[in-house]
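Residue numbers (the numbering used here): 5 to 246.
In what follows, a single structure is set out as C-alpha cells and then discussed.
This is the structure we're talking about:
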C-alpha cells in the first residue's frame, strides 16, 4: 500500500479537522499545522505554528517539508483562514486587515512556495488543495477582506497550476470550495450585525432548516475529488458539483 501524507493547516477544528480525521481513517499520516491541536493519533504529527505570524512561519519553513519526501503521495491542504470583521469598509479596525491577509493569503502562498521548492524533484504524487469559497467570486457586503483574500487564493492557485504545467514538475494544484458547512465561522456569520451584512437571514435559515453540511460530509467530498482528480481538469472547483 502506498504511503500517503496529508499536511493540513487549521486541523484542530472545522473543515480542517474533518479532513484530518478522514485522512487518518484512510490509513494516511497527517501533519497538522495550527496554534492548537485536538487530534490524538499515532499517525498525527502536531506542528504548532501561528500562521498569522509570518515571521514565525518563515523561521519554520526551511525544514518543514524535509521528511515529506519519504512518502509516495503528499497532499498539502491550505485550510486555515479567518472571516475577519463583518463590517463595511470604513468601520473595520485597520490592524485586522493585514492580519486577515497574512492568514488567508500570505501563509498559503509561503507554504505553497516552500512545498513546490522542496518537492520539485520528488517522483511521487504532489497535490496542493487550497480551500476556496464562493465569496472569492461573489461580492458580499461586510466581507470585503474575506472576499478579496479568497479571490487572491483562487488566482494564485490558477497561476501555480499554469506554472506547474509549463515546468512539467508533476504538481497538481486545485482550489476547492466547501459549500456552506456547520462550523464556528457560520456561527460568527449568524451573529453578525444586520446593518453590516444584508444576507444574514439566508444563513440563519440554512441553520434552522438543517441545510448546512457537516465537516464529515464535506471531507468525504474533498476525498472524492482527490481520488478522481484526473477527471477534473479545472483548477477552481466546488464540492457542491460532486
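Glycine included, C-beta positions come from ideal geometry on N, C-alpha and C.
{"query": "Taking the alpha carbon of residue 58 as the point to measure from, which residue in 138, 102, 135 and 191 has its own alpha carbon closest?", "result": "102"}
{"query": "Based on the DSSP secondary-structure assignment, which residues constitute the bridge partners of residue 129?", "result": "77"}
{"query": "Per DSSP, which residues does residue 181 bridge with? Please list them.", "result": "242"}
{"query": "Can the beta-carbon of residue 23 be found less than 9 Å from the beta-carbon of residue 72?", "result": "no"}
{"query": "Would you kindly check if the distance between the Cβ of residue 134 and the Cβ of residue 196 is under 9 Å?", "result": "no"}
{"query": "Within 10 angstroms of the Cβ of residue 118, are there 16 or more other Cβ atoms? Answer buried if so, exposed if not.", "result": "buried"}
{"query": "Where residue 160 and residue 243 are concerned, what is the direct C-alpha to C-alpha distance, given to the nearest angstrom?", "result": "20 Å"}
{"query": "Counting along the chain, where does the alpha helix (DSSP H) carrying residue 226 start and finish?", "result": "219 to 231"}
{"query": "Report the residue from 228, 194, 126 and 203 whose alpha carbon sits nearest the alpha carbon of residue 172.", "result": "126"}
{"query": "Can you name, in chain order, every residue of its own chain whose Cβ lies under 8 Å from the Cβ of residue 246, other than the five neighbours on each side?", "result": "225, 228 and 229"}
{"query": "Strictly by DSSP, which residues pair up with residue 135?", "result": "180"}
{"query": "Where DSSP assigns a beta bridge to residue 13, which residues make up the other side?", "result": "37"}
{"query": "Whose C-beta lies closer than 6 Å to the C-beta of residue 306 among residues of the same chain, with five residues either side of it excluded?", "result": "With the chain running from 5 to 246 in the structure shown, residue 306 is simply not present."}
{"query": "May I ask whether a heavy atom of the ligand MG can be found less than 8 Å away from the beta carbon of residue 49?", "result": "Judged by which ligands are present, the structure shown has none, so any question about the ligand MG falls away."}
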